[in-house]
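First up is the structure itself, then whatever we jot down about it.
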Amino acid sequence: MPSLAQLASVFFRTGNTTLGGGDPTMAVLQREFERRKWIGHDQFALVFGLARVTPFTNLLAFCAGTAWIMAGLIAGIIAVLVVTIPSAALVIWLTHVCEIGATNRWAASAIGGCVAAAAGTTIASAYRIVQPQIRKSNWIWTAAIVITSFLLSRVFALSPIPILAIAAVAGLFRNHT
Amino acid sequence: MNIFLIYLLLVKATLTSFSVMASLPVVRADFVVHHHLLTDRQLNTAVAAGRLGPGPNGLYVVSVGYYAGGVPGAVAGWLAMITPAFLIIPMLRFIGKRAENPRFKSAIQTTVLAGVGLLLSAAVPLARDAVTGVVSVVILIASFAAIAFTRIDSIWVMLAAGAAGLLSLVV
Numbered sequence: 003m004p005s006l007a008q009l010a011s012v013f014f015r016t017g018n019t020t021l022g023g024g025d026p027t028m029a030v031l032q033r034e035f036e037r038r039k040w041i042g043h044d045q046f047a048l049v050f051g052l053a054r055v056t057p058f059t060n061l062l063a064f065c066a067g068t069a070w071i072m073a074g075l076i077a078g079i080i081a082v083l084v085v086t087i088p089s090a091a092l093v094i095w096l097t098h099v100c101e102i103g104a105t106n107r108w109a110a111s112a113i114g115g116c117v118a119a120a121a122g123t124t125i126a127s128a129y130r131i132v133q134p135q136i137r138k139s140n141w142i143w144t145a146a147i148v149i150t151s152f153l154l155s156r157v158f159a160l161s162p163i164p165i166l167a168i169a170a171v172a173g174l175f176r177n178h179t
Numbered sequence: 209m210n211i212f213l214i215y216l217l218l219v220k221a222t223l224t225s226f227s228v229m230a231s232l233p234v235v236r237a238d239f240v241v242h243h244h245l246l247t248d249r250q251l252n253t254a255v256a257a258g259r260l261g262p263g264p265n266g267l268y269v270v271s272v273g274y275y276a277g278g279v280p281g282a283v284a285g286w287l288a289m290i291t292p293a294f295l296i297i298p299m300l301r302f303i304g305k306r307a308e309n310p311r312f313k314s315a316i317q318t319t320v321l322a323g324v325g326l327l328l329s330a331a332v333p334l335a336r337d338a339v340t341g342v343v344s345v346v347i348l349i350a351s352f353a354a355i356a357f358t359r360i361d362s363i364w365v366m367l368a369a370g371a372a373g374l375l376s377l378v379v
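The listed protein sequences derive, respectively, from chains D and V.
Per this note's numbering, the very first residue in the first sequence carries number 3; after that it's consecutive.
Per this note's numbering, the very first residue in the second sequence carries number 209; after that it's consecutive.
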C-alpha cells in the first residue's frame, strides 16, 4: 500500500501538469498506478466506470475513488486537494487579472477574444457531449431530448432542475419499456 | 453575498450535472438571472479563466465564486467543485457494480442529453454578449471548430483567441 506522501506526489504532479482535461489525466494516472502495482485492473475499471456516473468532474471522482481504494478516506481527500488547490489558485489569479484588465484597452481586447472563445467552446462542449449519441442508432431519442429541454428552457423559461428531473424520469421509463 | 449561499447555489449546480458544462445553465439561472450577482460577460470570462490553466475541468465555478464573493466566494466555489467527487466513496462501498444497471445508466444518459439542451439554451445569451464585432464572430466560430473537431487543448484555443483579440487592435 502506498504512503500518503507517495500518493500525494503522484496526484499532485499528474493532476496539475497534464493538459487536455479528465481523460488524458486519468490515462496518465492509470499508467502510474499500474507501474507501481498500487491498484488491480478490476478495481481500476470499477472506479473508472463509477467516476463516469458521479456528478460534475469525473476526474476528481476518479482521484477520490482510486486513492480511497489504495489508502483509505484521508488519501481520497488528499488526492482531491492536491489536484485542485494549485489550479484553483491559478484560476482565482486569472480572474483577478481579467477584472483589472477590463479597464486597460489592450487587456480588454485580449479578454474580449478569450470571452468570444469561451462562448465558442461552450457550444462545442454541447456538440462533443451529444456527438457519440448521434453516431449510435438512438439519434432520434437524442435529438428529441436535446430539443425538448432546449425549448422548455428557452421558450417556456422552465428552470434547469425540473427539466433535468423530467429527463431522468424519461430515461428510467424508456429503459423500462 | 453570504458565502454559504454561494456554496449552496454552486453545489446545487455541480451535484445536478453529469458533465462539467451541463452545470452552466443552473449557474446562469441562479447567479445571472435570479440573483444578479454576475453579468453574462463575467460568466463568459469565468468560463475563459477556467479553461486557461491546467488542472481538472470545472474550475470555472471557482471563478464564478470569486466574482460573487471575492476570495471567500472562490473558496466556496472550490468546495462546490470538489463536493460531488466524494460521492464516489459511498458509491464504491454500497453500490459497486450495481451502478451498471441499465435503468440507472439510461436515466443518467438522458439527464446528460437534457443538459446539452440546457447548455445550448444558456449559450445563446452568452454568445450574444461575447459577439461585439466581426473579429469576435470569427474567434467564436474558430474556437467552436477547434474544440468540436480537433484534439487541440482549450488552453491553446484561449491563448490564440487572446492573441487574436490583441491583433485586432493593431490591424
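Cβ coordinates follow ideal geometry from the N, Cα and C atoms, glycine included.
Computed from a predicted structure; not experimentally measured.
- Between leucine 62/D and threonine 86/D, the gap from beta carbon to beta carbon is short of 9 Å.
- Nearest C-alpha to isoleucine 79/D among Val279/V, Ala293/V, Lys220/V and Pro280/V: Ala293/V.
- Neighbours of valine 270/V in chain D, taken as residues whose beta carbon is under 7 Å from its own, are Ala90, Val93 and Ile94 in chain order.
- About 17 Å separates the CB atoms of leucine 334/V and alanine 104/D; that is not less than 8 Å, and the two are not in contact.
- Scanning Phe64/D, Val117/D and Ser89/D for the CA closest to the CA of leucine 300/V turns up Phe64/D.
- Inclusion of alanine 77/D and leucine 9/D in the CB contact set at 9 Å is warranted, their separation being smaller than that value.
- For the set Leu374/V, Asp361/V, Val365/V and Ser376/V, the Cα lying nearest the Cα of threonine 27/D is the one of Asp361/V.
- Taking 9 Å as the CB threshold, valine 320/V lines the interface with chain D.
- Nearest Cα to isoleucine 163/D within the set Asn210/V, Ala230/V and Ile214/V: Ala230/V.
- At a cut-off of 9 Å between C-beta atoms, histidine 98/D counts as an interface residue with respect to chain V.
- The beta-carbon separation of serine 225/V and proline 57/D, rounded to 6 Å, stays under the 8 Å limit for a contact.
- Near chain D, meaning a CB-to-CB distance below 7 Å, the residues of the region 237-268 of chain V are Ala237, Arg249, Asn252, Thr253, Ala254, Val255, Ala256, Ala257, Gly258, Arg259, Leu260, Gly261, Pro262, Gly263, Pro264, Asn265, Gly266 and Leu267.
- Here phenylalanine 46/D is buried, its C-beta having at least 16 other C-beta atoms within 10 Å.
- In the three-state reduction of the DSSP assignment, arginine 311/V falls in the helix class, which pools H, G and I.
- For the 9 Å CB-CB criterion, alanine 284/V and leucine 245/V do not form a contact.
- Chain V places a beta carbon closer than 9 Å to that of isoleucine 131/D, counting this residue as a contact.
- Of the residues assessed, isoleucine 349/V falls on the exposed side of the cut-off, its CB having fewer than 16 other CB atoms within 10 angstroms.
- Rounded to whole angstroms, the gap between the alpha carbons of alanine 29/D and proline 298/V is 24 Å.
- A distance below 6 Å between beta-carbons, with the five flanking residues on each side excluded, links serine 376/V to the following residues of its chain, in chain order: Val343.
- Within a 10 Å sphere around the beta-carbon of tryptophan 141/D sit fewer than 16 other beta-carbons, which makes this residue exposed.
- At a cut-off of 9 Å between C-beta atoms, methionine 209/V does not count as an interface residue with respect to chain D.
- C-alpha of isoleucine 165/D to C-alpha of alanine 159/D: approximately 10 Å in a straight line.
- CA-CA distance, leucine 295/V to aspartate 337/V, rounds to 36 Å.
- Between the region 363-377 of chain V and the region 107-117 of chain D, the count of Cβ pairs shorter than 8 Å is three or higher; the stretches touch.
- Residue burial is scored here from C-beta neighbours: glycine 42/D has fewer than 16 other C-beta atoms within 10 angstroms and is therefore classed as exposed.
- Contact residues of the region 348-369 of chain V toward chain D are Leu348, Ile349, Ala350, Ser351, Phe352, Ala353, Ala354, Ile355, Ala356, Phe357, Arg359, Asp361, Ser362, Ile363, Trp364, Val365, Met366, Leu367, Ala368 and Ala369 (C-beta to C-beta distance below 9 Å).
- One Cα belongs to alanine 167/D, the other to glutamate 34/D, and the distance between them is close to 39 Å.
- Going by C-alpha positions, leucine 83/D is about 22 Å away from leucine 213/V.
- The straight-line gap separating the alpha-carbon atoms of phenylalanine 175/D and tryptophan 40/D is approximately 40 Å.
- Here serine 127/D is actually not in contact with leucine 267/V; their C-beta atoms are around 14 Å apart, not less than 8 Å.
- Cβ atoms of threonine 291/V and threonine 222/V come within 8 Å of each other, at about 7 Å.
- At a cut-off of 9 Å, the C-beta of glycine 115/D has a neighbouring C-beta in chain V.
- Your pair valine 255/V and threonine 124/D checks out as a contact, with CB atoms roughly 6 Å apart and the cut at 8 Å.
- Burial state of leucine 232/V is buried, judged by a 10 Å Cβ sphere holding 16 or more other Cβ atoms.
- For glycine 263/V, the three-state secondary structure derived from DSSP is coil.
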